[in-house]
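Heads up: the structure comes next, in structure tokens.
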Amino acid sequence: MRKDYIRDQRSRHGRKVLAVLPIQYPKELLTAMDVVAVEVWGPPGVPRGPGAGRLQAYVCAVARNAVAFVQAGGAQDVDGFLYPHPCDSIQGLATLIPDFGGADKPALHYLNPKGGPRPSSQRYLVAELRDLVDKIGGLFGEPLAPGRLEWAIGLHREIDGLRLRLLEDRRADLPDRALYGLLRRGEWLWPEDHLAELKEAAAGLDEAGAGAAKPKGVPLLVTGIVPEPVTIFDRLSDMGAYVAADDYAAVGRRVVRKPLVVKDDPMETLAWLMFAHPPCPSRAVSLAERLDHLSRLVHRSGAAGVVIHTVKFCEPELFDVAGIKEHFGAAGLPVLFLESELEGELGGQTVTRLEAFVEMVAQRRKS
Ligand code: SF4
Numbered sequence: 001m002r003k004d005y006i007r008d009q010r011s012r013h014g015r016k017v018l019a020v021l022p023i024q025y026p027k028e029l030l031t032a033m034d035v036v037a038v039e040v041w042g043p044p045g046v047p048r049g050p051g052a053g054r055l056q057a058y059v060c061a062v063a064r065n066a067v068a069f070v071q072a073g074g075a076q077d078v079d080g081f082l083y084p085h086p087c088d089s090i091q092g093l094a095t096l097i098p099d100f101g102g103a104d105k106p107a108l109h110y111l112n113p114k115g116g117p118r119p120s121s122q123r124y125l126v127a128e129l130r131d132l133v134d135k136i137g138g139l140f141g142e143p144l145a146p147g148r149l150e151w152a153i154g155l156h157r158e159i160d161g162l163r164l165r166l167l168e169d170r171r172a173d174l175p176d177r178a179l180y181g182l183l184r185r186g187e188w189l190w191p192e193d194h195l196a197e198l199k200e201a202a203a204g205l206d207e208a209g210a211g212a213a214k215p216k217g218v219p220l221l222v223t224g225i226v227p228e229p230v231t232i233f234d235r236l237s238d239m240g241a242y243v244a245a246d247d248y249a250a251v252g253r254r255v256v257r258k259p260l261v262v263k264d265d266p267m268e269t270l271a272w273l274m275f276a277h278p279p280c281p282s283r284a285v286s287l288a289e290r291l292d293h294l295s296r297l298v299h300r301s302g303a304a305g306v307v308i309h310t311v312k313f314c315e316p317e318l319f320d321v322a323g324i325k326e327h328f329g330a331a332g333l334p335v336l337f338l339e340s341e342l343e344g345e346l347g348g349q350t351v352t353r354l355e356a357f358v359e360m361v362a363q364r365r366k367s
């Protein structure tokens, strides 16, 4: 379905398509330049293939699966690749993917500044965004048209508002599996199509009204990289738990919660937005800031436990694990640390650990 959609975007709408590696990138800019972003988070469960087998064993499965996916021809229909720089693994793929074959396409780069906004990093970011505009314009022969960036920023703010509402106003009739299926379609749909689907879901909530049933069971905060395999939501539901608060890098960590600050220059507005994203260790945001954000999520959602669900060998995420455990441990909130290999199904041992954790949290809530 995704392939048909991409082909349709190119043939019927005349849009260009970039395969985008994780995590954070200026999607507004791509939308403004009529470029469809199709994100590549692994994907899970792809056969490894020879290219992936040549990566070191300690490279994460998101990067390894991306190599296997591309080498198997999974990205044949795109016009190029965009490599943000969340970590050395993705940065390395920018040269390895062309070297290993299967992706004879142009490669663009985008480097988010590390740390919080400072005058120097703000200046750097605006220059980096302008550079990306020039590169996309040079590649596809279409410069950024006047007014388009302001339009795209407004469109994505509307999308963010609805995504936030769906994440925070949880309802029983939109269970985790369905909610995440909807939100993750935003990783490849043209934003206006994604917005239409979000509006439809939000209208369903409006229709049900404030009295609609809330999800039942043990509320959890889940933080990590990407909600894969999707069956994790089925298992959680079977165990009597649900995601009350989300801090996945692929989902909630890319929803800007602050009111937009509009600058005279739309490129500066976009730079402000990039800094306004929730804290992520891939941008070297301080642990204190991240803990503060996670604590607010717990407080707002009433989460009774924290699951750190990350990808094995993810260096940026590992930086913060000890601090998160210590912080919530001291606050009396149980924390479970799970690492996945981005397999197509949750392993038996992982299910057992999750089950024991949910049961323990449920017991504590009763006592
Ligand atoms: S999972 Fe971690 S190490 Fe792997 S690509 Fe994502 S940020 Fe980088």
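In the working numbering, the protein residues as written are 1 to 367. Using N, Cα and C, we set each Cβ at its ideal position, and we do this for glycine too.
Could you check the C-alpha separation between residue i and residue j for me, to the nearest Å?
i, j, result
"residue 237", "residue 175", "9 Å"
"residue 256", "residue 272", "11 Å"
"residue 197", "residue 329", "39 Å"
"residue 50", "residue 38", "24 Å"
"residue 40", "residue 31", "17 Å"
"residue 45", "residue 72", "13 Å"
"residue 358", "residue 305", "8 Å"
"residue 24", "residue 353", "31 Å"
"residue 190", "residue 152", "11 Å"
"residue 296", "residue 355", "26 Å"
"residue 280", "residue 251", "12 Å"
Is residue i near the ligand SF4, in the sense that its beta carbon is under 7 Å from a heavy atom of that ligand?
i, result
"residue 308", "no"
"residue 192", "no"
"residue 315", "yes"
"residue 63", "yes"
"residue 86", "yes"
"residue 23", "yes"
"residue 311", "yes"
"residue 225", "yes"
"residue 282", "yes"
"residue 340", "no"
"residue 90", "yes"
Let me check one thing: in DSSP terms, what residues is residue i bridge-paired to?
i, result
"residue 339", "310"
"residue 222", "246, 307"
"residue 370", "Lying before the first or after the last residue shown, residue 370 is absent from the chain, which here runs from 1 to 367."
"residue 213", "According to DSSP, residue 213 bridges with nothing at all."
"residue 241", "218"
Does the ligand NAP have even one heavy atom less than 7 Å from the beta-carbon of residue i?
i, result
"residue 97", "Here the bound small molecules are the ligand SF4; the ligand NAP is not part of this structure."
Starting from residue i, follow the alpha helix (DSSP H) in both directions and report where the run begins and ends.
i, result
"residue 133", "119-140"
"residue 7", "2-11"
"residue 201", "191-208"
"residue 156", "148-168"
"residue 23", "Careful: residue 23 lies outside any alpha helix (DSSP H) and carries neither H nor E."
"residue 295", "287-301"
"residue 325", "315-330"
Would you kindly report the start and end of the unbroken beta strand (DSSP E) that includes residue i?
i, result
"residue 36", "35-39"
"residue 16", "16-20"
Is the beta carbon of residue j closer than 8 Å to that of residue i?
i, j, result
"residue 67", "residue 17", "no"
"residue 244", "residue 303", "yes"
"residue 172", "residue 215", "yes"
"residue 82", "residue 20", "yes"
"residue 248", "residue 226", "yes"
"residue 57", "residue 42", "no"
"residue 106", "residue 124", "no"
"residue 115", "residue 288", "no"
"residue 70", "residue 103", "yes"
"residue 129", "residue 270", "yes"
"residue 224", "residue 308", "yes"
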